[in-house]
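K.L.:
Just passing along the structure, written as structure tokens.
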């Protein structure tokens, strides 16, 4: 990817529902008896995000979509929420597998009610987008990376699901509106780039959907909320100035997509 390499990190948040705060700390507790790795019917809703700089909230200066989802679910259930953001700028699908080996991550994942994963964009280089526009999945273009993404992500999603100990816990894998720059910034790179990046994004989303199916978890379409069912909408209004990351409205669109996908399960996780 071009610029999903840096951004603010918001590792842990535990708050009351309905109150979104920008303060982040390494680890905090809700009362003296609440554990950072446990959840229950009476405890806070525990939501974790993994992935790259999109879920990390880079370039947004806003509440990232994962925390918006946590707040929405907690408000529906009349609970507090615990939010942990393990997303990092520049993270790849292979990097996610490494992250999941960390003892702290495994412990907190075990106690989660919902895990959101958005990764894969950094597995690909934009340098070939234009020249590979008519042969996206070939071995000389992005074919090897697409196959590696499915393998890595399937394994990561299975690991997450196997770690969760609560019967109603869910895992959701999000796709992308574009794995590279989009909107006016993307269009400034020329039509060949626009066509190539869109075709690759569709292949990446298909790969993520297959990986989610392999692991028995949910896939969340975020392409349509940003670009419409035919991919013809201009997503500039949902993007930060870099054209690569969502702005506040974009993060709200991502959160809304997750909540729609959860449907009635919003009151159950």
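Residue numbers (mature numbering (1 follows the signal peptide of the UniProt record, and there is no 0)): -38 to -1, 1 to 231. Virtual Cβ for every residue (Gly too), placed ideally from N, Cα, C. Predicted model, so just to flag it, every value in this text is computed and none were measured.
For residue 180, write down the residues that DSSP places opposite it in a beta bridge.
P.N.:
134
K.L.:
What span of residues does the beta strand (DSSP E) with residue 43 cover, start to end?
P.N.:
42 to 47
K.L.:
Drop a sphere of 10 angstroms on the beta-carbon of residue 211, count the other beta-carbons inside from all chains shown, and report buried for 16 or more, exposed for fewer.
P.N.:
exposed
K.L.:
For residue 122, which of helix, strand or coil comes out of DSSP?
P.N.:
Note: residue 122 maps to helix in three-state DSSP.
K.L.:
Starting from residue 148 and walking both ways along the alpha helix (DSSP H), at which residues does that stretch end?
P.N.:
For residue 148, the enclosing alpha helix (DSSP H) covers residues 145 to 149.
K.L.:
So if DSSP puts residue 201 in a beta bridge, which residue, or which two residues, is it bridged to?
P.N.:
208
K.L.:
Compute the distance between the beta-carbons of residue 18 and residue 51, then report whether it is under 8 angstroms.
P.N.:
yes
K.L.:
Determine, using beta carbons only, whether residue 187 and residue 218 come nearer to each other than 8 angstroms.
P.N.:
yes
K.L.:
Does the count of Cβ pairs from the stretch 184 to 199 and the stretch 97 to 105 closer than 8 angstroms reach three?
P.N.:
no
K.L.:
Can we count residue 139 as close to the ligand NAD, meaning its CB is less than 7 angstroms from some heavy atom?
P.N.:
Absence of the ligand NAD is noted for the structure shown, with no ligands found whatsoever.
K.L.:
Mind checking which residues open and close the alpha helix (DSSP H) that includes residue 188?
P.N.:
First-last of the alpha helix (DSSP H) with residue 188: 185 to 189.
K.L.:
Just verifying my parser: in three-state terms, what is the DSSP assignment at residue 12?
P.N.:
strand
K.L.:
Taking all protein chains shown into account, do 16 or more other C-beta atoms lie within 10 angstroms of the C-beta of residue 95, making it buried, or fewer, making it exposed?
P.N.:
Counting Cβ neighbours within 10 Å, residue 95 comes out buried, since at least 16 surround it.
K.L.:
Do residue 59 and residue 114 have their C-beta atoms closer together than 8 angstroms?
P.N.:
yes
K.L.:
Taking the CB atoms as reference points, tell me whether residue 43 and residue 36 lie closer together than 8 angstroms.
P.N.:
Cβ atoms of residue 43 and residue 36: closer than 8 angstroms.
K.L.:
Beta-carbon within less than 6 angstroms of residue 130's beta-carbon, same chain only, minus the 5 sequence neighbours each way: which residues are those?
P.N.:
For residue 130, same chain residues with a beta-carbon under 6 angstroms away, outside a window of 5 residues either side, are 230 and 231 in chain order.
K.L.:
Would you call the stretch 66 to 80 and the stretch 21 to 38 in contact, with 3 or more CB pairs under 8 angstroms?
P.N.:
yes
K.L.:
Over the uninterrupted beta strand (DSSP E) stretch that includes residue 58, give me the two end residues.
P.N.:
Taken as a continuous stretch (DSSP letters only), residue 58 belongs to no beta strand (DSSP E), being part of the alpha helix (DSSP H) at 55 to 61.
K.L.:
On the DSSP bridge assignment, give the partners of residue 157 in chain order.
P.N.:
Bridge partners of residue 157: none, in fact.
K.L.:
Given a cut-off of 8 angstroms on the beta-carbon distance, is the pair residue 20 and residue 207 in contact?
P.N.:
Against a cut-off of 8 angstroms, the Cβ pair of residue 207 and residue 20 comes out as a contact.
K.L.:
Return the chain-ordered list of same chain residues with a C-beta closer than 6 angstroms to the C-beta of residue 154, the five sequence neighbours on each side being excluded.
P.N.:
92 and 95
K.L.:
In angstroms, rounded to a whole number, what distance separates the CA positions of residue 156 and residue 149?
P.N.:
6 angstroms
K.L.:
What is the DSSP secondary structure of residue 7, counted as helix, strand or coil?
P.N.:
strand
K.L.:
Rounding to the nearest angstrom, what Cα-Cα distance links residue 200 and residue 108 in this structure?
P.N.:
26 angstroms
K.L.:
Suppose you measure from the CA of residue 53 to the CA of residue 16; what does that come to, to the nearest Å?
P.N.:
10 angstroms
K.L.:
Name the residue from 125, 8 and 183 whose alpha carbon lies nearest to the alpha carbon of residue 39.
P.N.:
When C-alpha distances from residue 39 are compared across 125, 8 and 183, the shortest belongs to 8.
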